[in-house]
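Novice: Residue numbers (our numbering): 3 to 410.
Mind having a look at this structure? Questions to follow.
Structure follows, in C-alpha cells:
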C-alpha cells in the first residue's frame with residue numbers, strides 16, 4: 003500500500019498507509035469514541051470542517067449500506083483509523099469502507115497509532131491537520147505542518163452556510179417498524195396518527211431527526227438556516243425545530259433574532275447546534291471545548307430527577323450559564339450547580355423563564371434547557387441517534403406533547 007502522512011499544527015507527524023481517495027485534505031482533527039456508525043459519522047453535516055479519528059481500532063467490518071446515510075453526501079474532510087477492513091461481512095453491505103471513501107473522493111489514512119493520537123488530542127486539544135498520500139505530498143513533512151498552521155480556525159468560518167439547504171422542501175419518510183418509539187419509562191409507545199406540521203431550521207440536519215419527527219405524527223418542512231421569522235409565521239407550523247450543525251454557533255448568529263422572535267409563539271425544540279442557537283437567543287454565550295464531545299457513550303444526568311442517560315454526541319462548542327462565570331482557561335468547562343442534586347439552575351430572560359435540565363457527567367458542561375414559562379426545550383446531545391441505547395428518544399415525545407398542549 004502507498005504511504006500517507008498526518009501532520010498536525012503543533013508539529014506532530016505520523017506516518018501510515020493511504021486509505022480512500024488519493025490526494026491531500028485538511029481540517030480540524032477530532033476523535034470519536036463510537037465503535038460503530040462510521041457511515042453516519044461521515045455523512046453527518048456537523049463534521050463539516052473536521053477530520054475524524056476513530057478510537058475503535060477496527061473500522062469498516064460491516065461495510066456500507068445506502069440506508070445508513072444521514073444526508074445527501076459525505077461532509078467530513080478526512081478519515082483516520084488504525085485498521086480499515088477491506089472485506090466487510092454484512093448482508094446489507096454494498097461497498098467496503100475504502101471503496102466508499104474513493105467513491106466520495108475522501109482522503110483517509112490508516113495504520114497509525116490511534117491510541118497515541120487520541121491521548122495527544124486529549125492533552126493538547128483538537129487542532130488543524132493535513133492528511134497527504136505520499137505520491138501527492140507537496141514538500142516535506144515540515145511543509146505540511148506549516149500548511150496546517152496556516153489553516154483558518156473553525157471558529158472563524160460559517161460552516162452552517164456551507165451545509166444548509168438552498169430552498170425549503172418537504173420530508174415524509176419515517177424510521178419504519180424499527181427502531182421502536184420508547185417513552186421516558188422505557189415502554190414502547192404506539193405510532194401516533196400524523197397531525198402536526200413542524201418547520202425545521204436546517205443548520206446541517208441529520209435525516210434521522212426528520213424521520214423521528216415523522217414517527218411522532220408530524221409533517222415536516224425543512225427550511226434554510228437564514229429563513230426569517232416572518233416566513234415561518236406565514237407557514238403557520240405547529241412547532242419549530244432547530245437542527246444540529248457544524249462549527250461555532252456565533253457564526254450562525256444571523257438565525258438568532260428570528261429564533262428569538264418565534265419563542266412563545268410556537269413550541270420550539272433544538273438539538274446540538276440548535277441547542278446552542280437557542281442559548282444565544284436567550285442571551286447566553288458559547289465557548290469552545292478543548293477536544294469536544296464525539297461518541298456514542300457519553301453519560302448525561304437529568305438534574306431534575308437524577309436519572310442518567312447514555313447519549314450520542316457530536317459538538318465542539320457548548321453553552322455557558324451566567325452563574326458558571328469565566329473559567330481560567332477559555333476552553334475549560336464551567337461546573338454547573340446541581341450536578342450533585344443540590345439545585346437546578348434557573349434563568350430569567352426577557353423571552354421567558356428557563357432552567358438547566360441536563361449536564362454532562364464527563365465535564366459538567368450544560369446539556370439541556372427547558373422553558374418553564376414558554377414551550378421550548380433543547381439538548382446538546384442526539385436523541386435520534388440510538389447507537390444501542392434508546393435512553394433519550396422520549397424527548398421527541400415531549401416536543402409532541404408541547405404541541406398537543408398548545409392546541410388544547
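Beta carbons are placed, not taken as given, at the ideal position from N, Cα and C, and that holds for glycine.
With 16 other CB atoms within 10 Å as the buried threshold, where does residue 322 fall?
Specialist: Residue 322 is buried by the Cβ-count criterion.
Novice: Is it buried or exposed, residue 169, if we count other Cβ atoms within 10 angstroms and call 16 or more buried?
Specialist: Its Cβ having fewer than 16 others within 10 Å, residue 169 is exposed.
Novice: Flag this pair as yes or no: are the beta carbons of residue 113 and residue 18 separated by less than 8 angstroms?
Specialist: The answer is yes: Cβ separation under 8 angstroms.
Novice: If you follow the beta strand (DSSP E) that residue 313 is part of, which residue opens it and which one closes it?
Specialist: 310 to 322 is the span of the beta strand (DSSP E), which, as asked, contains residue 313.
Novice: Let me check understanding here. Comparing Cα to Cα, which of 352, 26, 311, 54 lies closest to residue 262?
Specialist: Closest option to residue 262, Cα to Cα, is 352.
Novice: Decide if residue 208 is buried, meaning its Cβ has at least 16 other Cβ atoms within 10 Å, or exposed.
Specialist: Counting Cβ neighbours within 10 Å, residue 208 comes out buried, since at least 16 surround it.
Novice: Given that a residue counts as buried once 16 or more other Cβ atoms are within 10 Å of its Cβ, and exposed if not, what is residue 34?
Specialist: Residue 34 comes out buried.
Novice: So residue 300 is in the beta strand (DSSP E); what residue range does that whole segment cover?
Specialist: Looking at the DSSP string, the run of the beta strand (DSSP E) that includes residue 300 is 287 to 304.
Novice: Go through its chain and collect everything with a Cβ distance to residue 3's Cβ below 7 angstroms, but skip five positions before and after it.
Specialist: Same-chain partners within the cutoff: 19, 20.
Novice: Give a yes or no on whether the C-beta atoms belonging to residue 231 and residue 264 are separated by under 8 angstroms.
Specialist: Against a cut-off of 8 angstroms, the Cβ pair of residue 264 and residue 231 comes out as a contact.
Novice: Report back the beta-carbon spacing between residue 276 and residue 246 to the nearest angstrom; my notes put them in contact at under 8 angstroms.
Specialist: The Cβ separation is near 6 angstroms, so the contact holds.
Novice: Once you ignore the five residues that flank residue 284 on each side, which residues in its own chain have a CB closer than 7 angstroms to its CB?
Specialist: These residues qualify, in order along the chain: 349, 351, 353, 356.
Novice: Let me know if residue 9 comes out buried or exposed under the rule of 16 or more other beta-carbons within 10 Å of its beta-carbon.
Specialist: Residue 9 should be labelled buried.
Novice: Which same chain residues, not among the five before or five after residue 258, have their C-beta less than 7 angstroms away from its C-beta?
Specialist: Correct list, in chain order: 279, 282, 283.
Novice: Label residue 374 either buried or exposed according to how many other C-beta atoms from any shown protein chain fall within 10 Å of its C-beta, with 16 as the threshold for buried.
Specialist: So residue 374 ends up on the exposed side.
Novice: From which residue to which residue does the beta strand (DSSP E) around residue 243 run?
Specialist: Residues 241 to 244.
Novice: Between residue 248 and residue 206, is the Cβ-Cβ spacing less than 8 angstroms?
Specialist: Cβ distance < 8 angstroms, so residue 248 and residue 206 count as in contact.
Novice: Are there 16 or more other CB atoms within 10 angstroms of the CB of residue 178, so buried, or fewer, so exposed?
Specialist: Exposed.
Novice: From residue 125 to residue 405, what distance separates their C-alpha atoms?
Specialist: Whole-angstrom Cα-Cα distance: 44 angstroms.
Novice: Per DSSP, what kind of secondary structure is residue 101 in: helix, strand or coil?
Specialist: Helix.
Novice: In whole angstroms, what separates the C-alpha of residue 270 from that of residue 14?
Specialist: Their Cα atoms are separated by approximately 44 angstroms.
Novice: Out of 388, 274, 307, which one is the CA nearest neighbour of residue 380?
Specialist: Comparing Cα-Cα distances from residue 380 to each of 388, 274, 307, the minimum goes to 274.
Novice: Which residues bound the alpha helix (DSSP H) around residue 114?
Specialist: No alpha helix (DSSP H) contains residue 114, which DSSP labels as neither H nor E.
Novice: Just verifying my parser: in three-state terms, what is the DSSP assignment at residue 146?
Specialist: Looking at residue 146 - three-state DSSP - the assignment turns out to be helix.
Novice: I'd like to check one pair, residue 127 with residue 293: are the Cβ atoms closer than 8 angstroms?
Specialist: Yes, these two residues count as a Cβ contact at 8 angstroms.
Novice: Alpha carbon to alpha carbon, how far is residue 359 from residue 251?
Specialist: Approximately 20 angstroms between the Cα atoms of the pair.
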